[in-house]
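From first to last, the protein sequence lines are chains A and B.
Here the first sequence stands for residues 1 to 471, where the numbers follow my numbering.
Here the second sequence stands for residues 1001 to 1471, where the numbers follow my numbering.
Take a look at the structure set out below.
2 protein chains.
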Amino acid sequence: MDREKFRKYGYKLVDWVADYLETVEKYPVKSTVEPGEIKAKLPSSPPQHPEEMDRILEDFEKIIIPGITHWQHPGWFAYFPANNSPASILGELLAAGLGTQGMVWQTSPAATELEEVVMDWLRQMIGLPEGWAGVIQDTASTATLCALLAAREKVTGFKVNETGFEKPLRVYASREAHSSVEKGVKIAGFGRKNLVYIPVDDEFAMIPGELERAIEEDLRNGLQPACVVATVGTTSSGAVDPLRPIGEICQKYGVWLHVDAAYAGTAAILPEKRWALDGAELADSLVFNPHKWMLTNFDCSAFFVKDPQVLTRTFEIHPEYLKTGVDAVVKNFRDWGIQLGRRFRALKLWFVLRTYGVEGIKKIIRRHIHLAEIFRDELQQDGRFEIMAPVYFSLVCFRLKAGRPEEVLNELNRHLLERVNSTGKLFMTHTTLDGKYTLRLVVGQRTTEERHVRQALEIIKEKAGELLGSS
Amino acid sequence: MDREKFRKYGYKLVDWVADYLETVEKYPVKSTVEPGEIKAKLPSSPPQHPEEMDRILEDFEKIIIPGITHWQHPGWFAYFPANNSPASILGELLAAGLGTQGMVWQTSPAATELEEVVMDWLRQMIGLPEGWAGVIQDTASTATLCALLAAREKVTGFKVNETGFEKPLRVYASREAHSSVEKGVKIAGFGRKNLVYIPVDDEFAMIPGELERAIEEDLRNGLQPACVVATVGTTSSGAVDPLRPIGEICQKYGVWLHVDAAYAGTAAILPEKRWALDGAELADSLVFNPHKWMLTNFDCSAFFVKDPQVLTRTFEIHPEYLKTGVDAVVKNFRDWGIQLGRRFRALKLWFVLRTYGVEGIKKIIRRHIHLAEIFRDELQQDGRFEIMAPVYFSLVCFRLKAGRPEEVLNELNRHLLERVNSTGKLFMTHTTLDGKYTLRLVVGQRTTEERHVRQALEIIKEKAGELLGSS
Chain A
1 MDREKFRKYG YKLVDWVADY LETVEKYPVK STVEPGEIKA KLPSSPPQHP EEMDRILEDF
61 EKIIIPGITH WQHPGWFAYF PANNSPASIL GELLAAGLGT QGMVWQTSPA ATELEEVVMD
121 WLRQMIGLPE GWAGVIQDTA STATLCALLA AREKVTGFKV NETGFEKPLR VYASREAHSS
181 VEKGVKIAGF GRKNLVYIPV DDEFAMIPGE LERAIEEDLR NGLQPACVVA TVGTTSSGAV
241 DPLRPIGEIC QKYGVWLHVD AAYAGTAAIL PEKRWALDGA ELADSLVFNP HKWMLTNFDC
301 SAFFVKDPQV LTRTFEIHPE YLKTGVDAVV KNFRDWGIQL GRRFRALKLW FVLRTYGVEG
361 IKKIIRRHIH LAEIFRDELQ QDGRFEIMAP VYFSLVCFRL KAGRPEEVLN ELNRHLLERV
421 NSTGKLFMTH TTLDGKYTLR LVVGQRTTEE RHVRQALEII KEKAGELLGS S
Chain B
1001 MDREKFRKYG YKLVDWVADY LETVEKYPVK STVEPGEIKA KLPSSPPQHP EEMDRILEDF
1061 EKIIIPGITH WQHPGWFAYF PANNSPASIL GELLAAGLGT QGMVWQTSPA ATELEEVVMD
1121 WLRQMIGLPE GWAGVIQDTA STATLCALLA AREKVTGFKV NETGFEKPLR VYASREAHSS
1181 VEKGVKIAGF GRKNLVYIPV DDEFAMIPGE LERAIEEDLR NGLQPACVVA TVGTTSSGAV
1241 DPLRPIGEIC QKYGVWLHVD AAYAGTAAIL PEKRWALDGA ELADSLVFNP HKWMLTNFDC
1301 SAFFVKDPQV LTRTFEIHPE YLKTGVDAVV KNFRDWGIQL GRRFRALKLW FVLRTYGVEG
1361 IKKIIRRHIH LAEIFRDELQ QDGRFEIMAP VYFSLVCFRL KAGRPEEVLN ELNRHLLERV
1421 NSTGKLFMTH TTLDGKYTLR LVVGQRTTEE RHVRQALEII KEKAGELLGS S
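Next comes the structure, spelled out in structure tokens:
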């Protein structure tokens, strides 16, 4: 593809994306294709000869688009958001065009140094202490794994890296912690039986006293505590583990504290939500995801550590072919995580932070939280629903109750979710809280407005009415 | 940024990228900034209020560009390439615009199914047996870690995941294996002392007999062999571990064989280079990187496994909030690796494979290999240089010898590399082979032509002459 063709199709795709972002509401949020349907439309062998871009884009529209679940739809209320923004898309385009790979400083000094700078901007925005250093990871799963590994090495004097596990090391997280903690514990070799689930209070937050009890019991049994993962904004309900008392316990026992604020960390840029990270200075590491709720398209996960040397000592490797003359004076981000190669993700983050400014981002986050509160209040006024957890941020957990006996509620709500999602107007997902099937509505798309939330309310109430009438 | 502004700046950046790709030769390949120079030009706090895109793009040109090392420069001969292509950039733009996240099938069926299809295309292209399944990972480091984890679980009946390490497990790789093997061994909890380095022959390839000896010795000592990592195209010299005898040994002892073909795997699409993967059907997993040498911009690493169930059982997690109604009949790629969230990387790969076609890609790979051979032959004809390893693909290892005594050669070649790179016309890196400082020239950029290689030769010879004259 020569320059003129690239220009032509580049314009065409810019137009396509511009229109898409504006008109995404015309699609059902969740793809309605059946398993195997897309695959069946694609050739089973690669093309031997070049094909025209027009032909490919035609297939994109005809075959791929029906199989897309539209994360950027204003009716996206599922999982957590992964919102993007025009500025972020442009940043990604430019990064792809440069095709630079920032594994070490010299392979693009600007990629490393811009990352240092924008990560420090984020540090200030969420109120972490000076001295903490940041690095972009792909996902919070990876960041949490990095924290577990650094904790593992710190508590053993870097001996697992050298000689492997010699005795069990223990990790603690609340029952409500994200599945990535279990996954990380398995990957890092701790073994799942060494992940101790700490009970939660009736707002689904870790009970610090129970954590301390578990640590003491382990110590009595000769087991070595290594890491506590506290969650700020759990996936199921948005619960907030209290960082200050947890942090004090971790300091008392010399245990690494990692804070998983993947979703809710963004809210800490608002003074009125800063309480959620109160005590974070007692932690050793923290992750939050600009690719969830800060307009930066996936992937971009912000990982911070108090003592970067522990992290780099955990990951460092020194093959001759990666040595450079400036290694002693620069950051080589290859030693800050699992992967060697690194995309230039700081660029899109820089574009986002500058085009919106901190105030612009605050305004959007406040709007999302406000819309979630409207949703909660309206459901509360409709006596048929039950709110299942406090709404601290933009996630509302609820279920249809309508005076029905407990035995039928799980099934009833499963049907409600199916009927609501099948309208194509919105997409919600579910969880269980205390064993109860619970619907989750998260507001977080850049373009979600009050009318989308009111439409969601209307549909939910309507489908609830149908179900109750027919049940 | 509204639709019209996005369109305006989208066009502008498409133009910028089009011009960049065409005129990248005007920049020095390797950035010439000093450590800290970029950082010093950036504000230490985030902007509070929105800034204009024009202003940001001005800073991009003025501050960022001087700090870019130009991986897409036709004079890029360093490390391994990370070549991109117009089609790939367009695919990345579209993926960023869609902002879809394919962690499970239902969050975009097309993302999952297109990935299945294009990965099967790649499988056919490099000649892996039917039945092997592919998944896109970010990097070969991650893929190799996944292989080590799957091997760890398979050999212990999935017990490390459950209860942690109970006895040492052993991993084998040649002395020339990539540093990601050591890194993965540490991350997965094996401990570096359980990574057994197998001696290599005088072409830097693993000696199968030495592998068997090491496995037998471990078995005699009650140590459990878990995984062998064989490399096809080592980073230092492009050496090829012989897969067939290694695979036979692995089968004999029931050890997982992972093939790291990150760089050279691409060459296996050429019938005349297929020998490099001879015996791969005896392996359990293999990785090669379309983001290195197949025109697909970073990141896109192709990871294949013979038995996907071992992989998914290694990684699977079942939180309620991720369950969907179709889990029994679809692939949920979240269970095929470390991360939960996943970008839609199959899109750019699809664009690349279709716009070039298999024949188009073959042509480019053949050209690169041919240019490397020209480079080797010309250096060989100039009596002052020594070729340090066989040239199987597009990597040439050499040093200036010129009858000088061994003691001064390392320093001499270090200076040669510095002088050559400081011209800004090309960028090479180094390694050591048998303790000898060695220069590496890899041909792999999409736009590298004979004149760039001839220019490199000229500069290298000229700088060698200067050095020899002045020494």
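Quick reminder that beta carbons are idealized off the backbone N, C-alpha and C, glycines included.
How far does the beta strand (DSSP E) with Val-443 (chain A) in it reach, from first residue to last? The sequence position of residue 443 (chain A) within the first sequence is 443, counting from 1. Segment: none, Val-443 (chain A) is in no beta strand (DSSP E) and carries neither H nor E.
Short CB-CB distance (under 7 angstroms) between Leu-311 (chain A) and chain B: Along the first sequence, one-based indexing puts residue 311 (chain A) at 311. No, its Cβ sits nowhere closer than 7 angstroms to a Cβ of chain B.
Would you verify that the beta carbon of Ile-269 (chain A) is, or is not, closer than 7 angstroms to some beta carbon of chain B? Taking the first residue of the first sequence as 1, we reach residue 269 (chain A) at position 269. No - not a single Cβ of chain B is within 7 angstroms of the one on Ile-269 (chain A).
Is the beta carbon of Phe-385 (chain A) closer than 7 angstroms to that of Ala-143 (chain A)? Taking the first sequence and counting its residues from 1, one reaches residue 143 (chain A) at position 143. Taking the first sequence and counting its residues from 1, one reaches residue 385 (chain A) at position 385. The answer is no: Cβ separation not under 7 angstroms.
The stretch 1071-1097 of chain B: positions lying closer than 9 angstroms to chain A by Cβ: Trp-1071, Gln-1072, Ala-1078, Tyr-1079, Ala-1082, Asn-1083, Asn-1084, Ser-1085, Pro-1086, Ala-1087, Ser-1088, Ile-1089, Leu-1090, Gly-1091, Glu-1092, Leu-1093, Leu-1094, Ala-1095, Ala-1096 and Gly-1097
Pick from A:His-49, A:Val-33, A:Ser-88 and A:Ala-372: whose alpha carbon is nearest that of Glu-449 (chain A)? The count along the first sequence starts at 1 and reaches residue 449 (chain A) at position 449. Cα-wise, what sits closest to Glu-449 (chain A) is A:Ala-372.
Just to confirm, are Leu-340 (chain A) and Met-119 (chain A) a CB contact at a threshold of 7 angstroms? Here residue 340 (chain A) refers to the residue found at position 340 when the first sequence is read from its first residue. Here residue 119 (chain A) refers to the residue found at position 119 when the first sequence is read from its first residue. No.
Can you tell me whether DSSP reads Ala-188 (chain A) as helix, strand or coil? Locating residue 188 (chain A) in the first sequence gives position 188, counting from the first residue. Ala-188 (chain A) falls in the coil class under three-state DSSP.
With DSSP as the reference, please indicate the residues paired to Glu-386 (chain A) in a beta bridge. Taking the first sequence and counting its residues from 1, one reaches residue 386 (chain A) at position 386. A:Arg-399.
Indicate the three-state DSSP secondary structure (helix, strand or coil) for Val-1420 (chain B) in the structure shown. Mapped onto the second sequence, residue 1420 (chain B) falls at position 420. Residue state, collapsed to three classes: helix.
Which residue or residues does DSSP assign as beta-bridge partners of Ile-249 (chain A)? Along the first sequence, one-based indexing puts residue 249 (chain A) at 249. Ile-249 (chain A) is not bridged to any residue.
Contact set between Asn-297 (chain A) and chain B, taken where Cβ atoms lie within less than 7 angstroms: Reading the first sequence from its first residue, position 297 is the one you call residue 297 (chain A). Under the 7 angstroms cutoff, chain B gives Ala-1096 and Gly-1099.
Whole angstroms is fine: what's the gap from Leu-1426 (chain B)'s alpha carbon to Pro-1046 (chain B)'s? The count along the second sequence starts at 1 and reaches residue 1426 (chain B) at position 426. The count along the second sequence starts at 1 and reaches residue 1046 (chain B) at position 46. Here the alpha carbons of Pro-1046 (chain B) and Leu-1426 (chain B) stand approximately 36 angstroms from one another.
Under a Cβ-count criterion, where at least 16 other Cβ atoms within 10 Å of its own Cβ denotes burial, should Arg-220 (chain A) be classed as buried or exposed? Here residue 220 (chain A) refers to the residue found at position 220 of the first sequence. Burial call: exposed.
Taking only beta-carbon atoms, is Thr-139 (chain A) less than 7 angstroms away from chain B? Here residue 139 (chain A) refers to the residue found at position 139 of the first sequence. Yes, its Cβ sits closer than 7 angstroms to a Cβ of chain B.
Roughly how many whole angstroms lie between the Cα atoms of Met-125 (chain A) and Arg-1451 (chain B)? The residue given as residue 125 (chain A) occupies position 125 in the first sequence. The residue given as residue 1451 (chain B) occupies position 451 in the second sequence. The straight-line gap from Cα to Cα measures roughly 50 angstroms.
Which of helix, strand or coil DSSP assigns to His-1452 (chain B): Numbered from 1 along the second sequence, position 452 holds the residue referred to as residue 1452 (chain B). Looking at His-1452 (chain B) - three-state DSSP - the assignment turns out to be helix.
Below 9 angstroms on C-beta distance, what does Ala-1188 (chain B) contact in chain A? Indexing the second sequence from 1 puts residue 1188 (chain B) at position 188. Correct list: Ile-187, Ala-188 and Gly-189.
What is the DSSP secondary structure of His-370 (chain A), reduced to helix, strand or coil? Stepping through the first sequence from its first residue, residue 370 (chain A) is reached at position 370. Residue state, collapsed to three classes: helix.
Take every Cβ of the stretch 1085-1098 of chain B, pair it with every Cβ of the stretch 1344-1354 of chain B, and state whether three or more of those distances are shorter than 8 angstroms. yes
Provide the residue span of the beta strand (DSSP E) that contains Leu-257 (chain A), from first to last. Reading the first sequence from its first residue, position 257 is the one you call residue 257 (chain A). First-last of the beta strand (DSSP E) with Leu-257 (chain A): 256-260.
Amino acids of chain B, ordered along the chain, whose beta-carbon sits closer than 7 angstroms to that of Lys-475 (chain A): An answer regarding residue 475 (chain A) cannot be provided, because it is not within the stretch 1 to 471 covered by chain A.
So Val-1329 (chain B) contacts chain A; which residues on that side make the cut at Cβ distance below 9 angstroms? As a working mapping, residue 1329 (chain B) is identified with position 329 in the second sequence. Residues of chain A passing the Cβ test: Pro-35 and Gly-36.
Which residues, in order along the stretch 339-365 of chain A, keep a beta-carbon less than 7 angstroms from a beta-carbon of chain B? Gln-339, Leu-340, Gly-341, Arg-343, Phe-351, Leu-353, Arg-354, Thr-355, Tyr-356, Gly-357, Val-358, Glu-359 and Gly-360
Tell me the residue span of the alpha helix (DSSP H) that contains Val-1287 (chain B). In the second sequence, counting from the first residue as 1, residue 1287 (chain B) sits at position 287. Where Val-1287 (chain B) is concerned, there is no enclosing alpha helix (DSSP H), although the beta strand (DSSP E) it sits in stretches over 1285-1288.
Going by DSSP, name the residue or residues bridged to Met-1206 (chain B). Sequence index remark: in the second sequence, residue 1206 (chain B) carries index 206 (1-based). DSSP output for Met-1206 (chain B) lists B:Val-1200 as bridge partner(s).
Could you have a look at Trp-1132 (chain B) and say whether DSSP puts it in helix, strand or coil? Numbered from its first residue, the second sequence carries residue 1132 (chain B) at position 132. In this structure, Trp-1132 (chain B) counts as coil in the three-state DSSP scheme.
Quick one: is Asp-202 (chain A) buried, meaning 16 or more other Cβ sit within 10 Å of its Cβ, or exposed? By one-based count along the first sequence, residue 202 (chain A) stands at place 202. So Asp-202 (chain A) counts as exposed.
Go ahead and label Thr-23 (chain A) buried or exposed: buried means 16 or more other beta carbons lie within 10 angstroms of its beta carbon, across all protein chains shown. Looking up residue 23 (chain A) in the first sequence gives position 23. Exposed is the call here.
Are the beta-carbon atoms belonging to Val-1229 (chain B) and Asp-1260 (chain B) less than 7 angstroms from one another? Taking the second sequence and counting its residues from 1, one reaches residue 1229 (chain B) at position 229. Taking the second sequence and counting its residues from 1, one reaches residue 1260 (chain B) at position 260. Cβ distance < 7 angstroms, so Val-1229 (chain B) and Asp-1260 (chain B) count as in contact.
Is the stretch 1429-1439 of chain B touching the stretch 1387-1399 of chain B in the sense that three or more CB pairs, one from each, lie closer than 8 angstroms? yes
When DSSP labels each residue in this structure, what does Thr-1432 (chain B) get in the three-state scheme? The count along the second sequence starts at 1 and reaches residue 1432 (chain B) at position 432. Here Thr-1432 (chain B) sits in strand by DSSP.
Same chain, Cβ closer than 8 angstroms to Asp-218 (chain A), five either side skipped, listed in chain order: Residue 218 (chain A) sits at position 218 when you count from the first residue of the first sequence. Excluding residues within five positions, the ones whose Cβ falls inside 8 angstroms are Arg-170, Val-196, Gln-224 and Pro-225.
Who does Cys-146 (chain A) pair with in a DSSP beta bridge? To locate residue 146 (chain A), count along the first sequence from 1; it is residue 146. For Cys-146 (chain A), which the question treats as bridged, DSSP gives no partner whatsoever.
Could you check whether the stretch 1416-1426 of chain B touches the stretch 1052-1072 of chain B, counting it as contact only if at least three pairs of C-beta atoms, one from each stretch, sit closer than 8 angstroms? no
Would you check if the stretch 295-309 of chain A and the stretch 129-140 of chain A touch, i.e. whether three or more CB-CB distances between them fall below 8 angstroms? Cβ pair count under 8 angstroms is three or more, so yes.
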